[in-house]
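Notes for the one structure printed next.
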Amino acid sequence: MFKRMDHVGVVVHDIDATLKTYCDQLGFKLLERVEIPEQKVVAAFLDGGNSTIELISPTDAESGTARFLANRGEGTHHVCYEVDDIQAALAMLRDQGVRLIDETPRQGVHGLVAFIHPKAANGLMIEVLQKAHK
């Protein structure tokens, strides 16, 4: 079902300061920075060679990301895996009794996404991504 790991999502308080650390000190390259109003976050995707990190920072104190930060602090938020067919992947997960946050896919930055509940994967939130065709 999973083709490959696409990225690791990391929640941070201050995306500008974190970008400075990751790019200037750690050597990552900024691929893109996007505001996602419907999720009340700003995200930055960083190239780390053969891996990608998504930095996520809340733009609203009432957002889910802000609540995550308040409860757990900065750090790993999710791991994203790419699939060819997100509808088929979600159907298979449902058939296996996997608890989902998103029963139907929603539009993400790079395609359709849905999240597996962290309680279904020993505390790790997993994002399922069907990339948009370019």
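Numbering of the sequence shown is given in numbering that gives the first Met the number 0, commencing with residue 0 and proceeding in unit increments.
Just so it is clear, CB atoms sit at the ideal spot from N, CA and C, and this is done for glycine as well.
Under the three-state reduction of DSSP output, residue 98 falls in the coil class, being neither helix nor strand.
Residue 120 and residue 0 have their C-alpha atoms roughly 16 angstroms apart. DSSP links residue 130 through a beta bridge to 110. For the pair of segments examined, the stretch 61-71 was found to touch the stretch 31-42: the number of CB pairs separated by less than 8 angstroms reaches three.
With a cut-off of 8 angstroms on Cβ pairs, the stretch 77-91 is not in contact with the stretch 22-35, counting fewer than three such pairs. Under the DSSP assignment, residue 44 falls in the beta strand (DSSP E) whose first and last residues are 40-46. Its Cα nearest to that of residue 125, the residue 115 stands out among 115, 132, 131. DSSP, reduced to helix, strand and coil, places residue 17 within a helical segment of the structure shown. With fewer than 16 other Cβ atoms from the protein chains shown falling within 10 Å of its own Cβ, residue 123 counts as exposed. For residue 105, DSSP records a beta bridge to 112. By the neighbour-count definition (other C-beta atoms within 10 Å, threshold 16), residue 29 is an exposed residue.
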